[in-house]
């Protein structure tokens, strides 16, 4: 089965930017793949559940890294705790199951990653701002990012607060790698995969083949290219044609609002673009 | 079988100044809080804490200045935010840190568990975790001709702290079905001494009735301590939920050193035992956290 979400109707439906982000990420998740989510990850969790309920019924979700293929996942303040995964077909042994599945080149092809800083070549920082030994800001730490980013996997970044502080020319610390300094450096280390998309509250980026520098793919409805550039801490590659991000369908928005996330956890931390 | 049942005070004597202490801790899950509270009361200090992620327990130890060094993959209370005392202590240079990827932490503990000098991982290549002069990590060639890997030196905690559902008095420990966390399965095999707190001490016959739930045999455990609600305010699936109001009140207190200290004094040190800690919380509050018929 293809991972294509199918053609979208031309008629736009009223939506918020968190819903737009969820739908963009959902469309990247492939049917037949497996995907897990991290802590405090409402946008990816909604995207995974939306994908499962629309174009990717055979996408297997390892919810919170803890439960396989959960039925009736319930969103609460945590995307790691039991309400998400209690009705699973299997509880996971993290030391013996999860990391072996991740290591398998045929499994878990895509990871959704959030980070405090992401740079122009798709490297990510969740460790420190400033120096490692005496940081200006100590962040939570790399967790599994340093592992999965160094494997042949597709990375989709999600950014809820697109600003010159979150999207930077060079991260203070590489907790996870993208394309390193670009120009094929990742491939020269023998590592396949890498970041494919950066979905923010203002725009969507991909990475220019060759240079491997972040490239502005589309701006969200109502957001200008200038607004995006002012909010970005580096000059991304600007193609001749910059699209407007495709709006969600009515079905997607209704599923999100009535079934998947009626309490609106997906809005947490997402800065709505200024009108 | 040898008696392993101990009081919390007796078990705490297995933890000595300067020890490397492995701590089962999730962001809001399954942390042996009652044992950490006993360590806070015991005064043991200069600890090197080893954990995968979390948690409020680490922050309490840091609040009372009992921690010299932390090895971790993440330190977070998820939606309750960063562990603020940990953050402040790293930023002002009062504790050392070793940050590892998850597979590197599993490799370091796994090597210790298997009596090997190191285990390799293919994580972390290209990251700055390899540029900060961590003497426990070395990129080495694959002797069989593949890509280089990262050798992760064995890390052998002096003592492991784990919380589980039940055990008999001989230290055979069982957990109900749920996700298995590496720090409740791998950590005890890596550590020299193992302290397990459990919700209930039961007859050995109860373990024999469901031996597939036993995660640790008594010969691998040094002390087992009965501690109902021993993970509070973190959760223990499928028995009780985390105590959101309690964690939130900690988060608010943790903003500065003095109010953090006050919180730990009032909620932990003031009580001479776990039983006193529980009675201050009250039965109604604890019952409200029960998952009960939720599954």
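Protein chains in written order, with the numbering used here: chain E, 6 to 280; chain X, 204 to 498.
Note that beta-carbon positions come from the ideal geometry of N, C-alpha and C, so glycine has one too.
No experiment lies behind these values; they were computed from the predicted model shown.
Test: residue 282 of chain X CB closer than 8 angstroms to a CB of chain E: Indexing the second chain from 1 puts residue 282 of chain X at position 79. So yes, residue 282 of chain X belongs to the interface.
Residue 240 of chain E burial status per 10 Å Cβ neighbour count (16 or more: buried): Sequence index remark: in the first chain, residue 240 of chain E carries index 235 (1-based). Residue 240 of chain E is exposed by the Cβ-count criterion.
Exposure label - residue 280 of chain X; buried when at least 16 CB within 10 Å: Stepping through the second chain from its first residue, residue 280 of chain X is reached at position 77. Buried: at least 16 other Cβ atoms inside 10 Å.
Environment of residue 230 of chain E [buried if 16+ CB atoms lie within 10 Å]: The residue you call residue 230 of chain E lines up with position 225 of the first chain. So residue 230 of chain E ends up on the exposed side.
Residue from X:349, X:319, X:368, X:278 with nearest C-alpha to residue 357 of chain X: Counted from its first residue, the second chain places residue 357 of chain X at position 154. Taking only the C-alpha atoms, the option nearest residue 357 of chain X is X:319.
Exposure of residue 193 of chain E, with buried meaning 16 or more beta-carbon neighbours within 10 Å: As a working note, residue 193 of chain E is residue 188 in the first chain. Answer is exposed; the Cβ neighbour count stays below 16.
Expected contact under 8 angstroms - CB spacing of residue 239 of chain X and residue 260 of chain X to nearest Å: Translated into the one-based positions of the second chain, residue 239 of chain X becomes position 36. Translated into the one-based positions of the second chain, residue 260 of chain X becomes position 57. Sure, about 4 angstroms apart at Cβ, within 8 angstroms.
Residues in the region 436-451 of chain X having any Cβ partner in chain E nearer than 9 angstroms: 438, 440, 441, 444, 445, 447
For residue 232 of chain X, the residue or residues it bridges with in DSSP: Reading the second chain from its first residue, position 29 is the one you call residue 232 of chain X. Its beta-bridge partners are X:438.
Under 9 angstroms from the C-beta of residue 412 of chain X: neighbouring residues of chain E: Counting from 1 along the second chain, the entry for residue 412 of chain X is found at position 209. What residue 412 of chain X touches in chain E: nothing, since even the nearest Cβ is about 20 angstroms away.
Where residue 283 of chain X sits in the DSSP three-state scheme: Looking up residue 283 of chain X in the second chain gives position 80. Helix.
Buried or exposed (CB count within 10 angstroms, at least 16 for buried), residue 482 of chain X: Start at 1 with the first residue of the second chain, and residue 482 of chain X comes out as number 279. When all chains shown are included, residue 482 of chain X counts as exposed.
Chain-order list of residues whose beta-carbon lies under 7 angstroms from that of residue 474 of chain X (same chain, five-residue window excluded): Taking the first residue of the second chain as position 1, residue 474 of chain X is located at position 271. 480, 483, listed in sequence order.
Residue 83 of chain E at chain X interface by Cβ criterion, 8 angstroms: Walking along the first chain from the start, residue 83 of chain E turns up at place 78. So, interface residue.
Cβ separation of residue 401 of chain X and residue 424 of chain X, assumed to be a contact under 8 angstroms, to the nearest whole Å: To locate residue 401 of chain X, count along the second chain from 1; it is residue 198. To locate residue 424 of chain X, count along the second chain from 1; it is residue 221. With a Cβ gap of about 10 angstroms, residue 401 of chain X and residue 424 of chain X do not count as contacting.
Length of the line joining the Cα atoms of residue 495 of chain X and residue 439 of chain X: One-based indexing of the second chain puts residue 495 of chain X at position 292. One-based indexing of the second chain puts residue 439 of chain X at position 236. Approximately 12 angstroms between the Cα atoms of the pair.
Cβ shell of residue 351 of chain X (< 6 angstroms), same chain only, five flanking positions each side left out: Mapped onto the second chain, residue 351 of chain X falls at position 148. Once the five neighbours on either side are set aside, the close Cβ partners of residue 351 of chain X are 342, 344.
Bridge partners - residue 2 of chain E, DSSP secondary structure assignment: Shown here, chain E extends from 6 to 280; a query on residue 2 of chain E therefore has no answer.
Chain-ordered neighbours of residue 118 of chain E on chain X, where CB pairs are closer than 9 angstroms: As a working note, residue 118 of chain E is residue 113 in the first chain. The contacting residues do not exist; residue 118 of chain E stays about 13 angstroms from chain X at best.
Residue(s) in a DSSP beta bridge with residue 81 of chain E: Locating residue 81 of chain E in the first chain gives position 76, counting from the first residue. BP columns for residue 81 of chain E are empty, so no partner.
For residue 289 of chain E, the first and last residue of its enclosing beta strand (DSSP E): Only positions 6 to 280 of chain E appear in the structure, and residue 289 of chain E is not among them; the question remains open.
Nearest-angstrom Cα separation, counted from residue 321 of chain X out to residue 314 of chain X: Translated into positions along the second chain, residue 314 of chain X becomes position 111. Translated into positions along the second chain, residue 321 of chain X becomes position 118. Those two C-alpha atoms are separated by around 5 angstroms.
Contact with chain X by residue 66 of chain E, beta-carbon distance below 8 angstroms: Here residue 66 of chain E refers to the residue found at position 61 when the first chain is read from its first residue. No - not a single Cβ of chain X is within 8 angstroms of the one on residue 66 of chain E.
Classification of residue 79 of chain E by the beta-carbon crowding that lies within 10 angstroms, buried from 16 upward: In the first chain, the residue the question calls residue 79 of chain E occupies position 74. Classification of residue 79 of chain E: exposed, given that the 10 Å Cβ count is below 16.
Residue from X:419, X:382, X:298, X:253 whose Cα sits closest to the Cα of residue 371 of chain X: Indexing the second chain from 1 puts residue 371 of chain X at position 168. For residue 371 of chain X, the nearest C-alpha among the options comes from X:419.
Closer than 8 angstroms to chain X by CB, residue 104 of chain E: The sequence position of residue 104 of chain E within the first chain is 99, counting from 1. So yes, residue 104 of chain E belongs to the interface.
Nearest residue (CA-CA) to residue 109 of chain E, options E:245, E:38, E:69: Here the question's residue 109 of chain E lines up with position 104 in the first chain. If we check each option's Cα against that of residue 109 of chain E, E:38 comes out closest.
Straight-line Cα distance separating residue 247 of chain E from residue 30 of chain E: Within the first chain, the letter at position 25 stands for residue 30 of chain E. Within the first chain, the letter at position 242 stands for residue 247 of chain E. Approximately 19 angstroms between the Cα atoms of the pair.
Contacts around residue 241 of chain X, its chain only, beta-carbon distance under 6 angstroms, and the 5 residues preceding and following it disregarded: Residue numbering aside, residue 241 of chain X sits at position 38 when the second chain is read from its first letter. Excluding positions up to five away in sequence, the list reads 211, 215.
Where residue 417 of chain X sits in the DSSP three-state scheme: Position 214 of the second chain, counting from 1, holds the residue named residue 417 of chain X. Strand.
Three-state secondary structure assigned by DSSP to residue 298 of chain X: As a position in the second chain, residue 298 of chain X is number 95, starting the count at 1. Looking at residue 298 of chain X - three-state DSSP - the assignment turns out to be coil, as it is neither helix nor strand.
Secondary structure, alpha helix (DSSP H): runs of 4+ residues fully inside the region 305-393 of chain X: 305-317, 385-393
Where residue 264 of chain E falls, given that 16 or more other Cβ within 10 Å makes a residue buried: Here the question's residue 264 of chain E lines up with position 259 in the first chain. Exposed, by the Cβ-count rule.
8 angstroms Cβ cutoff, residue 96 of chain E in contact with chain X: For this step, residue 96 of chain E is matched to residue 91 along the first chain. It does; some Cβ of chain X falls within 8 angstroms.
C-beta atoms of residue 58 of chain E and residue 260 of chain E nearer than 8 angstroms: Locating residue 58 of chain E in the first chain gives position 53, counting from the first residue. Locating residue 260 of chain E in the first chain gives position 255, counting from the first residue. Yes; because the gap between Cβ atoms is below 8 angstroms, this pair is in contact.
Per DSSP, cross-strand counterpart(s) of residue 242 of chain E: In the first chain, counting from the first residue as 1, residue 242 of chain E sits at position 237. The partner list for residue 242 of chain E (beta bridge, DSSP) reads E:220.
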